[in-house]
Structures are given as structure tokens and as C-alpha cells.
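To start, the structure under review is shown below, and the notes come after it.
Numbering (my numbering), first residue to last: 1 to 524.
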């Protein structure tokens, strides 16, 4: 009997691991997104190529518009595994798995193993989370650091000072190196929990040691940077904060997250509403602060910040996942609520089905011009979700309903991953750079530069420059002038600037419509 249980448990663990594989590894090639992923990877390459681990560099100039922790992590991965698209994404994948483990542990601590398993599955299959673990950016490392801090605070006990006291103080400083001033929002949001339930931490010597140790690398980095580049250059860190705090192109209204977060966490957000209300009414322990107070205050602080993006809301997804998973328990006995929730999801399923039909009709009538593979993939996703949601039966147990939804979500996310939507971000640029074998062989062996433009760049042109630069094996990270080129030098130049140069000064080696306005030239 015992052997049978062990074998079943072993089989479930292996099945869980195997189910992760098609969500991590894609049959499609990988390509980068220009902003912000490409920007971080390019800065990481500059670190390795120049040996300068101090300043975030942009085309040869120190630009302290963000902290450098994410670039250090990506550069370290590239140094260990070589410069490939995979090596750049490994850190986010690792931190993503850490986030899943901590979500599981946090949920297990308060709700048990079954809810913990469901919450980890929900988080992993949330589109916003899975999308970001395939991006080489700051966001998933930040989420992991925050979860490390929150979990450590919940585990820290007055009678047993130890490693959790140290980590409870350390995570904020490390988070600052990763994401700059953004770390202060979750730090402020967790203050009520610390004051009401964990006040002894503030008097803990180990907590203070961890706090100092956590901030020491950040203060050292800023001090060395000021010594090397001067306060004026480094103060851009504060100028960027002021810019993002005021009116800018990323500024959105105060209700942005009220629709954005539910949209990117469907259908789980719907399930999380009932446990949220239930928790406010019934919880008077740590759960009220950790799963209600903290995410609510963090959402409020994020909404007060002028700049609003989808990836800022990523910080709330573990708590939505845990609350949604707990609804599997509540819905087992709360039949009326279960009926209303499933009824609402059925309505959403009908809307998705009508959307799929509309998409198909517009395509058949040639009103929609989109790549065939992408069209088929989106249609498959809409039909899979809509049919599953419509066929849900409120009379089934909460666990069975969740099993159906999780399986459906797994199929959808596997399709998106294997279809390249989460991994092959710019197939046109990738194909354009690999289609001319002879030219790319020349580029592979020679140092390639970018020529300064005669006027400002449009956003799309800047993005293409980043993506082209990432494809160059031997890149000059500084912009050059035409006069600075020697005979035989290779460079990418803006097409509109060629006519400004003397006739015959440059030879065009490669031009492609998908890469315009950038063309590859050689100095005559």
C-alpha cells in the first residue's frame, strides 16, 4: 500500500515536470523584443565586451537611467553559457521557477499542500507571468526578490532568530539593484504587516545586519559610479524617477490596473474575488495582511504612480493565484457562489466564441491581413478557451472545475509557446538578418559599427537598430561618424544619410525592406 502511494506520488511529480518542458522549450527559434529586453541585453553585452561592470552603457556613453542589477545577471549568464538568445533568457527562467516555488511555499504555509499546488499551476499558466519568464528584463527577478522578502517575513519568528530575520532585512537593497526605486512600493505595502504582526523584527539584530548587508552593494555601486562619472551623470537615476512620476508617454489614468490586471489574469481573477471578500470578513490572522492588505495597498500605490504598465501589475499575480486557488476550497461548500461564478465565466466564453467567429469571417472576407500561422494560432486559442468555459458545469466540485480550466490553460499556453508568440518576438528581423548567408559570414568575422544619424530617430528605427546590433557577433558599442571609418570598415547606416556623403564613399553590401532604414555598408 505504501509502495503504491510512493509510486503514484513519484509519477505525479514526473508528470508535473514534463508538463513544464513545452512551456519552457520551443521548437521555434528565439528572437528578442527591442524594448526593454533588447536594451538590457545590449547593455549586458557592453559589460562583457568592455569589461566595465560599473555603468549601464548606451552606445558607448554611461546612461544611469536605471540600476544595473539585471544587466549584471544577464551578463553573468552570457559569460557562463556564451552569447546566445538562450543564455540571455536563462536568468528570467530561473527566477521564474524561484517565484513559482515561493508562491507554492507561501500558499502551503497558510492553506495547505493542495491549494499550494493549484496556486503554483495558476501562476505558471497566467499569460502575463509566462510571457515575462521568456523576456530578459528586470521584472521576473524583481518578483522573485519580493517573494523571497515576503516569505521570509512570514517565517521570521521572535523566539527563533535566524536566517529569515537576515533575509527579511536584506531583500530591499538587492531589489533596488534590480529595479531601482520601484522596490520601495512593495516595501511600503508590507509595513502594516510588519507593524501589526512582526514588530519584533525591527528590534532584531539579525534583521538590521541583513538590512545593512542588502543595501551595501547598492550604496557601493552608487558611490563608485559618482567617483568615476560624477554626480551629474549618476543623478539621472533620480531624474528618471521624477520623469516617471510625472506626466509622460507612459502615464495612464488611476483606474488602469482595475481593467488591466483582471484582463491578463483571466479567468483566475474572477475566482479570486470571492476569497478576497471572504478573507476581509473572516480572517483576523496573518492571512488578512499578506493576501488582502499587502496586495491591496500595493495596487493602490501602483495606481498612484503616474507611469503604469502591464509588467508593474505582474507583482500582484502570485496573490491573485493563491486567492484563486483557495476558491477551489470555498466553492466546494459555497454552491450559490459557485453557480454565479461559473455562469459569469460561461458568458465570457460565449463572448470569446463570438470573437473567434468574427475573426474568422473578417479573414474569409479579406478584411483582416495577418500572417496565416498567427491567425490560426489565435483562432485556436479563442476556440479552446471559449468551448472549455462554455462547457463548465457548476454542479461539479471546485477541484474538478479547476482541473478542467488548468488543463485548458496549459494547452493554450503550450500552443502560444510552440507557435513562437512568447519566444520568437521578431521573426521578420530574425529572418532578414539570416537570409543572406554570404553577408552574414562577412559580418560574423568583422567588427561592425553604427553610423550616427544626421537627425533624430523614430521609435521604430531605434528598435530596429537595437535588434540588428544584437545579431552582430563583433559589435562596436560606440556610434561612429563616416569620417571615422577606415577603408574596408563595415557599418550600418540610416538610408537617408547615404546621399549626404560623397558619391562612391560607401558600398552598400546588404539592404532588406524589413531592416530599413538601416543598410549595411563598407567604406571604400
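Beta carbons are placed, not taken as given, at the ideal position from N, Cα and C, and that holds for glycine.
Per DSSP, cross-strand counterpart(s) of residue i
i	result
residue 261	None; residue 261 has no bridge partner.
residue 518	494
residue 269	Answer is none; residue 269 lacks a bridge partner.
residue 251	307
residue 506	523
residue 58	61
residue 449	491
residue 480	451
residue 424	31
residue 475	448
Helix, strand or coil at residue i according to DSSP, with G and I counted as helix
i	result
residue 225	helix
residue 63	coil
residue 357	helix
residue 145	helix
residue 32	coil
residue 245	helix
residue 394	coil
residue 161	coil
residue 83	coil
residue 68	coil
residue 1	Only weak support is given to the placement of residue 1: the predicted model assigns it a pLDDT of 47, under 50, and the value that follows is read from those uncertain coordinates. Three-state DSSP puts residue 1 in coil, outside helix and strand.
residue 131	helix
residue 512	coil
residue 317	helix
residue 386	helix
residue 458	coil
residue 286	helix
residue 236	helix
residue 181	helix
residue 279	helix
residue 77	helix
residue 20	helix
residue 15	helix
residue 138	coil
residue 125	coil
residue 431	helix
residue 366	coil
residue 469	helix
Local Cβ density within 10 Å of residue i, reported as buried at 16 or more and exposed below that
i	result
residue 372	exposed
residue 253	exposed
residue 146	buried
residue 164	buried
residue 81	exposed
residue 244	buried
residue 10	With a pLDDT of 48 at residue 10, under the threshold of 50, the modelled position of that residue is not reliable, and the figure given next carries that caveat. When all chains shown are included, residue 10 counts as exposed.
residue 441	exposed
residue 134	buried
residue 499	exposed
residue 277	exposed
residue 131	buried
residue 248	exposed
residue 45	buried
residue 173	buried
residue 175	buried
8 Å Cβ cutoff, residue i in contact with chain B
i	result
residue 203	Note that chain B does not occur in the displayed structure, where there is just one protein chain.
Assumed close pair residue i, residue j - CB separation to whole angstroms, cut-off 8 Å
i	j	result
residue 22	residue 417	6 Å
residue 384	residue 351	Not really, about 15 Å apart at Cβ, beyond 8 Å.
residue 558	residue 349	Since the first residue of the chain shown is 1 and the last is 524, residue 558 is not available in this structure.
residue 206	residue 166	5 Å
residue 48	residue 466	So it is not a contact: roughly 17 Å between Cβ atoms.
residue 507	residue 482	Going by Cβ atoms, the distance from residue 507 to residue 482 rounds to 13 Å, so no, they are not a contact pair.
residue 474	residue 430	Wrong, their Cβ atoms sit about 19 Å apart, outside the cutoff.
residue 379	residue 360	6 Å
residue 193	residue 141	The pair is not a contact, with the Cβ atoms about 23 Å apart (cut-off 8 Å).
residue 85	residue 26	Not confirmed; about 11 Å, so no contact.
residue 410	residue 19	6 Å
Heavy atom of the ligand GDP within 7 Å of residue i beta-carbon
i	result
residue 272	Looking for the ligand GDP in the displayed structure turns up nothing, as the structure carries no ligands at all.
Three or more C-beta pairs closer than 8 Å, one from the segment 46–55 and one from the segment 137–156: is that the case here? no
Would the segment 35–44 count as touching the segment 207–216 if we require 3 or more Cβ pairs under 8 Å? no
Answer yes if the segment 332–346 comes into contact with the segment 257–274, meaning at least three C-beta pairs across the two stretches below 8 Å, and no otherwise. yes
Touching or not, the segment 157–171 and the segment 323–343, by the rule of three or more beta carbon pairs under 8 Å? no
Evaluate contact between the segment 291–307 and the segment 181–201, counting only Cβ atoms and requiring at least three cross-stretch pairs below 8 Å. yes
Touching by the beta-carbon criterion (3+ pairs, under 8 Å), the segment 512–521 and the segment 479–496: yes
Taking contact to mean 3 or more Cβ pairs, one atom from each stretch, closer than 8 Å, check whether the segment 361–377 and the segment 400–414 are in contact. no
Contact between the segment 272–291 and the segment 70–90: three or more CB pairs below 8 Å? no
Would you say the segment 62–70 touches the segment 101–118, given that touching needs at least three Cβ pairs under 8 Å? no
Pairs of beta-carbons, one from the segment 101–111 and one from the segment 77–91, closer than 8 Å: are there three or more? no
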